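Below: one structure, written as structure tokens.
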């Protein structure tokens, strides 16, 4: 009889402890996700330390999809170095055409300058499948290339994320940020996934106008509590409307 009484008690006790462990794990993941977001607003060093210490070595960032060529450049070095390719998106439209270190001179006969970047006159973006002619400088030689625009699905390794943060100007980190607020955190402990809803207000680089947007960031964690994947979606069209842009054909 004692066995029949004690066994359910032990099972119930085990379930209570399991529930406590699950709740604790859920809270830890939520806290880390919140700290990750906060560090991205705080400073370059805070963001660098957060990624370095809390992202899995095989973790990666899932970038927003877009139509274009599929490469990155250091915008902070544009004025001094020009548009020099720092990363080519694997499988992107330009992955078999351009290389890291290539410098864009012109795109569809429009010179690549800070002004042409800001006013949107370059033809990197637009209807997919359309061929775009460009001139690049490679190893001291100017060559002509053609790339058909396509949908780009970028991902960035931990190493690339750390490099991108390292290349950023600490003095200009979030200089246009006016206000920010974490509004909601939702955790799916069974899947080790956390969603963070953030609101922020900022000054647009080009127009100088204020804009605001909601961003939803999704974190996936490994069994060690490290960030395995992170990606976000934001209100890009709303931002464009607030800063005077429109979508036309």
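In the numbering used here, the protein residues as written are 197 to 445. The beta-carbon is built from N, C-alpha and C at its ideal position, and this holds for glycine as well. The structure displayed is predicted, hence computed values, not measured ones.
Would you check if the distance between the CB atom of residue 280 and the CB atom of residue 269 is smaller than 8 angstroms?
Here residue 280 corresponds to residue number 84 of the chain shown, with the count starting at 1. Here residue 269 corresponds to residue number 73 of the chain shown, with the count starting at 1. Against a cut-off of 8 angstroms, the Cβ pair of residue 269 and residue 280 comes out as a contact.
Return the chain-ordered list of same chain residues with a C-beta closer than 6 angstroms to the C-beta of residue 334, the five sequence neighbours on each side being excluded.
For this step, residue 334 is matched to residue 138 along the chain shown. 298.
Spell out the partners DSSP gives residue 409 in its beta bridges.
Here residue 409 refers to the residue found at position 213 of the chain shown. Answer is 396, bridged to residue 409.
Drop a sphere of 10 angstroms on the beta-carbon of residue 247, count the other beta-carbons inside from all chains shown, and report buried for 16 or more, exposed for fewer.
Stepping through the chain shown from its first residue, residue 247 is reached at position 51. The residue is buried, with at least 16 neighbouring Cβ atoms inside 10 Å.
Using the C-alpha atoms, what's the distance from residue 303 back to residue 241?
Here the question's residue 241 lines up with position 45 in the chain shown. Here the question's residue 303 lines up with position 107 in the chain shown. Straight-line Cα distance between these residues: approximately 35 angstroms.
Give the C-beta separation of residue 353 and residue 256 to the nearest angstrom, bearing in mind that I take them to be a contact with Cβ-Cβ under 8 angstroms.
Position 157 of the chain shown holds residue 353. Position 60 of the chain shown holds residue 256. Their Cβ separation, rounded to whole angstroms, is 5 angstroms, which keeps residue 353 and residue 256 in contact under 8 angstroms.
Comparing C-alpha positions only, which one of 390, 340, 308 sits nearest to residue 423?
Against the chain shown, residue 423 aligns to sequence position 227. Here the closest residue by C-alpha is 390.
Find the nearest neighbour of residue 430 within the set 253, 261, 370, judged by alpha-carbon distance.
Mapped onto the chain shown, residue 430 falls at position 234. Answer by Cα proximity: 261.
If we count Cβ pairs, one from each stretch, closer than 8 angstroms, do we get three or more for the segment 394-402 versus the segment 217-227?
Because the criterion of three Cβ pairs below 8 angstroms is not met, the segment 394-402 and the segment 217-227 do not touch.
Can you look up residue 140 in the DSSP assignment and give me helix, strand or coil?
The requested residue 140 does not occur in the structure, where the chain is confined to residues 197 to 445.
Using the rule of at least 16 other Cβ atoms within 10 Å of the residue's Cβ for burial, across every protein chain shown, is residue 404 buried or exposed?
Residue numbering aside, residue 404 sits at position 208 when the chain shown is read from its first letter. Exposed, since its Cβ has fewer than 16 Cβ neighbours within 10 Å.
From the DSSP output, which residues share a beta bridge with residue 333?
Position 137 of the chain shown, counted from the first residue, corresponds to residue 333. The partner list for residue 333 (beta bridge, DSSP) reads 299, 338.
Output the boundary residues of the alpha helix (DSSP H) element that contains residue 276.
Walking along the chain shown from the start, residue 276 turns up at place 80. Here the alpha helix (DSSP H) through residue 276 covers 274-277.
Which of the three DSSP states is assigned to residue 360 in this structure?
Here residue 360 refers to the residue found at position 164 when the chain shown is read from its first residue. Three-state DSSP puts residue 360 in a helix.
Let's test the definition: count the other Cβ atoms within 10 Å of the Cβ of residue 205 and tell me whether it reaches 16, buried, or not, exposed.
In the chain shown, counting from the first residue as 1, residue 205 sits at position 9. With a pLDDT of 48 at residue 205, under the threshold of 50, the modelled position of this residue cannot be trusted, and the question is left open.
So is residue 444 buried or exposed if we call it buried at 16+ other beta carbons inside 10 Å?
By 1-based counting over the chain shown, the position of residue 444 is 248. With fewer than 16 other CB atoms across the displayed protein chains lying within 10 angstroms of its CB, residue 444 is exposed.
Which whole-angstrom value describes the C-beta separation of residue 292 and residue 266, a residue pair presumed to lie in contact below a C-beta threshold of 8 angstroms?
What you label residue 292 is simply residue 96 of the chain shown in a count that begins at 1. What you label residue 266 is simply residue 70 of the chain shown in a count that begins at 1. In fact, because the Cβ distance is near 10 angstroms, the residues do not count as touching under 8 angstroms.
Whose C-beta lies closer than 6 angstroms to the C-beta of residue 327 among residues of the same chain, with five residues either side of it excluded?
Position 131 of the chain shown, counting from 1, holds the residue named residue 327. Its chain contains 342, 344 as the residues whose beta carbon lies nearer than 6 angstroms to that of residue 327, once the 5 sequence neighbours on both sides are disregarded; these appear in chain order.
Is it buried or exposed for residue 413, if we count other Cβ within 10 angstroms and need 16 for buried?
On the chain shown, position 217 is the one that residue 413 refers to. Burial call: buried.
Name the DSSP bridge partner or partners of residue 446?
The question about residue 446 has no answer, for the chain in this structure spans 197 to 445.
Round the Cβ separation of residue 264 and residue 402 to the nearest angstrom and send it over; I've been treating them as touching at under 8 angstroms.
Mapped onto the chain shown, residue 264 falls at position 68. Mapped onto the chain shown, residue 402 falls at position 206. That belief does not hold up - the Cβ atoms of residue 264 and residue 402 are roughly 18 angstroms apart, past 8 angstroms.
Please go through the same chain and pick out, in chain order, the residues whose beta-carbon is closer than 7 angstroms to the beta-carbon of residue 425, but skip the five residues on each side of it.
Counting from 1 along the chain shown, the entry for residue 425 is found at position 229. Around residue 425: 255, 256, 258, 416.
What does the alpha-carbon distance come out to for the pair residue 296 and residue 309?
Locating residue 296 in the chain shown gives position 100, where the first residue counts as 1. Locating residue 309 in the chain shown gives position 113, where the first residue counts as 1. Taking C-alpha positions only, residue 296 is separated from residue 309 by approximately 19 angstroms.
Short of 7 angstroms in beta carbon distance, which residues of its chain neighbour residue 370, apart from the five on each side in sequence? Order them along the chain.
Locating residue 370 in the chain shown gives position 174, counting from the first residue. If we look at residue 370 and ignore the five residues flanking it on each side, its Cβ neighbours are 237.
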